[in-house]
Structures are given as C-alpha cells and as structure tokens.
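Under the working numbering, the first residue of the sequence shown carries the number 126, and numbering increases by one thereafter.
To start, the structure itself, in structure tokens.
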Amino acid sequence: VSTASALTPEETREWLTPYGVEFGPLTVIINGKARLPLRAGFFSIDRFNTDQFFEDGGQLPQNNNTYVIGPDDMSWYAMLHYRNEGFVDDSEEIDAGALMSAIREGNAANNKMRREKGFDLVTMNGWAMRPTYDSSTQLLSWGLDYQFGAERTYNYTSRLLGRSGFVSATLITSPEVYQQ
C-alpha cells in the first residue's frame, strides 16, 4: 500500500470501495475498547476488510484485528488495534537495542513470508525516532525507517498502555509527508 503520491478524494473512494470503506464524519470503535472520531475528509476500513486491503497492496495481512484510517488523499494512513495483553508493566527502562533486535527478527520472519507470497522484501534502515516513554500518559512511541522496493516509508508507532492491554497506532507515510 503506497503513500508515495497523493490521490484525489474521488480516486481514493474508487480505490477503497472493495474494502468496505466508510468516510467521515464517523466514530471508529476499535475492538470495543477505544473510540476515535473522524471528521469529513478521512476514511476508515474496519478490521474485517484490512487483510484484503493489505494483501492487494503487496503487504502481509494483519490477522483481522487491525483498523485502517487516513485522509481521503491517501498521503498517509494509520493502522489501529487493541491488544488484550493483560497488565502491561511500565516500570522497566526501554532497551532500544533489544527492541531493535526484536523488530529486526520479526522483519526477517516477515520477509520469509513476503518471499513466499511473491511480495517485495522490506529493508529496515533503522530508527526514524528512537523509543521514548512518557510515564504520565503511559505512551510508548518509536519510529522506523523502511525501504519497500523503491519506496521509502516511515512507520511511527505509539502504544497507549492500559490495565488490560494497549491501544496501538502506527502511522505509515513517506519521509517527505512526515516532514510537513
């Protein structure tokens, strides 16, 4: 799924129609745990349609647990999900090296699946933003710099930690759009 060039709202509607897209204003309810109001000019794809959206765009499926939102020009999009992981301990220091190692391992495993499906492989260039944690808001954030074939993207992830799990949002965009 490319964010390399913006689309007109009409092109976005036509492109996203097979995925049960809804356009704002609306409220997205993420796995019954979080509510996100979207104003006009934004879209949402529910968790039952995102796997096909990703596979058709040459990406791995997200296991029917992810919602997609974005502006109707598709200059960026975000993946949202809730993970019921139980209590999340936030008392430990962030080990950026260990997190990067785990992400690289996951990327290698994903590339194996991508190769089997005939998708472009993904190269992780490193941090776009080193991990940070704000204990007052319980927000863990980091950014990664990826190469998808000829396209470079930044993926910024924020996790809002809660008592029974976390809400995760990952923004996917080009470095140029992010700088705006």
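Yeah, the Cβ is synthetic: ideal placement off N, Cα and C, and Gly gets one too.
Point to revise | Same chain, Cβ closer than 7 Å to Gly166, neighbours up to 5 away in sequence not counted | key: Gly149, Pro196, Asp197
Point to revise | Uninterrupted alpha helix (DSSP H) stretches inside the stretch 206-284 (no shorter than 4 residues) | key: 221-242
Review point. From Ala159 to Ser289, what does the alpha carbon distance come to, in whole angstroms?
Key: 13 Å
Review point. When the Cα atoms are used, what is the spatial distance from Arg255 to Trp267?
Key: 5 Å
Practice item. Look at the alpha carbon of Ala129 and the alpha carbon of Glu276, and state the distance between them as a whole number of angstroms. Key: Its pLDDT being 47, under 50, Ala129 is placed unreliably in this model, and the coordinates cannot settle the point.
Practice item. State the Cα-Cα distance for the pair Glu180 and Ser293, rounded to the nearest angstrom. Key: 21 Å
Point to revise | Residues near Ile252 by beta carbon distance below 8 Å, same chain, minus five either side | key: A small fix is needed here, since residue 252 is Trp in this sequence, not Ile. In chain order, Ala221, Met225, Trp267, Gly268, Leu269, Asp270 place their CB closer than 8 Å to the CB of Trp252, counting only its own chain and leaving out the 5 sequence neighbours on each side.
Point to revise | Inter-residue spacing [alpha-carbon to alpha-carbon] between Gln184 and Gln263 | key: 30 Å
**Study point:** Three-state secondary structure (DSSP) of Gln148
**Key:** The amino acid at residue 148 is misidentified as Gln; the sequence shows Phe. In the structure shown, Phe148 sits in a strand (DSSP, three-state: E or B).
Practice item. Please report the Cβ distance between Tyr279 and Tyr258, rounded to the nearest whole angstrom; I am assuming they are in contact, meaning their Cβ atoms lie under 8 Å. Key: Not a contact, Cβ separation roughly 20 Å.
Check your understanding: Does DSSP put Arg164 in a helix, in a strand, or in coil?
Key -> coil
Review point. When DSSP labels each residue in this structure, what does Thr295 get in the three-state scheme?
Key: Correct three-state label for Thr295: strand.
Review point. How close, in whole Å, do the beta carbons of Leu296 and Trp140 come, if the pair is a contact with beta carbons under 8 Å?
Key: Not really, about 20 Å apart at Cβ, beyond 8 Å.
Check your understanding: Looking only at its own chain, which residues have a Cβ that is under 8 Å from the Cβ of Ser216, when we skip the five neighbours before and after it?
Key -> none
Review point. For Ile286, which beta-bridge partners are listed by DSSP?
Key: A quick correction: the sequence has Leu, not Ile, at residue 286. The partner list for Leu286 (beta bridge, DSSP) reads Phe291.
Review point. What separation, rounded to the nearest whole angstrom, lies between the Cα atoms of Thr152 and Phe244?
Key: 33 Å
Check your understanding: Using the rule of at least 16 other Cβ atoms within 10 Å of the residue's Cβ for burial, across every protein chain shown, is Met199 buried or exposed?
Key -> Classification for Met199: buried.
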